[in-house]
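Written out as structure tokens, the structure reads:
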């Protein structure tokens, strides 16, 4: 079984692309969703996060206080890196356990931070979802009900798209005018062929 990474910057449309792959029968692991799950359900991890960010990182029912966390980490890159260093090794182990349970030619790991963990969690191929910055900003403003400044602060903490594209085996253009499903289907066929050859 092959491991395929799916990445892109905030608002690029990774989740939409992931859903199309799922519709085609490809198992997709969402690093963001699993990170949130682990942050809320692993007592050791939640304790470390409270030590790092303060007890306000969680509400009274041990659910993440996402607004509070975002206000802390998106204005302090050092805190963001410290939080990632706590969460992402656990996500990597969780992914490996999940992948062992799959029985398909390939699986997809969707992760905004794919290139940050690729040295410790390598993949066989990388798909990058690309969109212009102005489109990405508009999407995130609508989706998350954020101001343009808040979105730009989040973008500042991400890699430049050129870094992602330099590592890409495949690029899906999601600028609103491209046919996403057709692009995904073509990549899916190539990945099936790739998985069957080795």
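In UniProt numbering, the protein residues as written are 1 to 198.
Cβ atoms here follow ideal geometry from the backbone N, Cα and C, with glycine treated the same way.
Bear in mind that the values here come from a model prediction, so they are computed numbers and not experimental data.
In its chain, beyond the 5 residues on either side, 157 have a beta carbon closer than 8 Å to the beta carbon of residue 77. Annotation for residue 6: the continuous beta strand (DSSP E) segment containing it runs 2-8. Contact annotation: residue 184 and residue 10 have beta-carbon atoms that are not nearer than 8 Å.
Beta-bridge analysis with DSSP links residue 129 to 8 and 172. Boundaries of the alpha helix (DSSP H) around residue 95: 77-100. Shown here, residue 193 sits in a helix according to DSSP, grouped into three states. DSSP places residue 30 in the strand class (E or B) of the three-state scheme. Assigned with DSSP and collapsed to three states, residue 107 falls in strand. Taking the C-beta atoms as reference points, residue 100 is found no nearer than 8 Å to residue 191. Per DSSP, residue 17 is one residue of the alpha helix (DSSP H) stretching across 14-23.
Within the model, the alpha-carbon separation for residue 109 versus residue 89 is close to 14 Å. Two segments are said to touch when three or more pairs of C-beta atoms, one from each, lie closer than 8 Å; by this definition the segment 122-137 does not touch the segment 43-55. Scanning 52, 147, 167 and 103 for the CA closest to the CA of residue 6 turns up 167.
Around residue 137, the same chain offers 11, 148, 151, 152 and 155 as residues with beta carbons nearer than 8 Å, after the five sequence neighbours per side are excluded.
Its Cα nearest to that of residue 143, the residue 16 stands out among 2, 1, 16 and 4. The C-beta of residue 196 has fewer than 16 other C-beta atoms within 10 Å across all chains shown, which makes the residue exposed. Within its own chain, the residues whose Cβ lies closer than 6 Å to the Cβ of residue 121, once the five positions on either side in sequence are excluded, are 92, listed in chain order. Setting aside the 5 residues that flank it on each side, residue 132 is surrounded in the same chain by 175, each with a C-beta closer than 8 Å to its C-beta; the list follows chain order.
In the structure shown, residue 146 adopts coil according to DSSP, grouped into three states. Beyond the five residues adjoining it in sequence on each side, residue 32 comes within less than 8 Å, by CB distance, of 110, 111 and 112 in the same chain, given in chain order.
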